[in-house]
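The numbering used here numbers the first residue of the sequence shown as 19 and each following residue consecutively. We put the beta carbon where it would ideally sit given N, CA and C, even for glycine. Here's the structure we're looking at; comments come further down.
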Amino acid sequence: MATQNDTVRERLPVYKTRKLYIDGAFPRTESGRYITAQDYRGEFVANICRASRKDVRDAVMAAREAQGGWASRSAFNRGQILYRMGEMLESR
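In structure tokens, the structure reads:
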């Protein structure tokens, strides 16, 4: 009887599709279309959602609503928020 240690199983690659970031959430694009990103060697990196006009409009509306609260924060606090957001996006 063969065990898992006896057989080497190759894992299939899982290609993730990166979602949009709009108003604090990660929705899928309305159109369902995406772009394939490649590195400098032409190797696959990720699928990236291609935003529709509605997606862009939603993002702009969310940014306009958040602008007042953002402007009232100190530069130090805004830097902390951007740093934390960068960490969150990097860990995905």
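Does residue i pass the burial test, meaning 16 or more other C-beta atoms within 10 Å, or should it be called exposed?
i: LEU38; result: buried
Could you give the residue range of the beta strand (DSSP E) that holds residue i?
i: ALA55; result: 52-56
i: VAL63; result: 62-67
Please list the terminal residues of the continuous alpha helix (DSSP H) segment that includes residue i.
i: ALA84; result: 71-89
Which of helix, strand or coil does DSSP assign to residue i?
i: PHE44; result: coil
i: ARG96; result: helix
i: ARG36; result: strand
Using the Cα positions of residue i and residue j, report the straight-line distance between them to the nearest angstrom.
i: GLY86; j: PHE62; result: 40 angstroms
i: SER49; j: ILE40; result: 15 angstroms
i: TYR52; j: ILE99; result: 28 angstroms
Got a sec? Which residues, its chain only, sit under 7 angstroms from residue i by beta carbon, not counting five neighbours each side?
i: ALA64; result: LYS34, ARG36, ALA55
Near residue i, what residues of its chain come up, given a Cβ to Cβ distance below 8 angstroms and the 5 sequence neighbours on each side ignored?
i: ARG57; result: Note that residue 57 is Asp in the sequence shown here, rather than Arg. Excluding residues within five positions, the ones whose Cβ falls inside 8 angstroms are VAL63.
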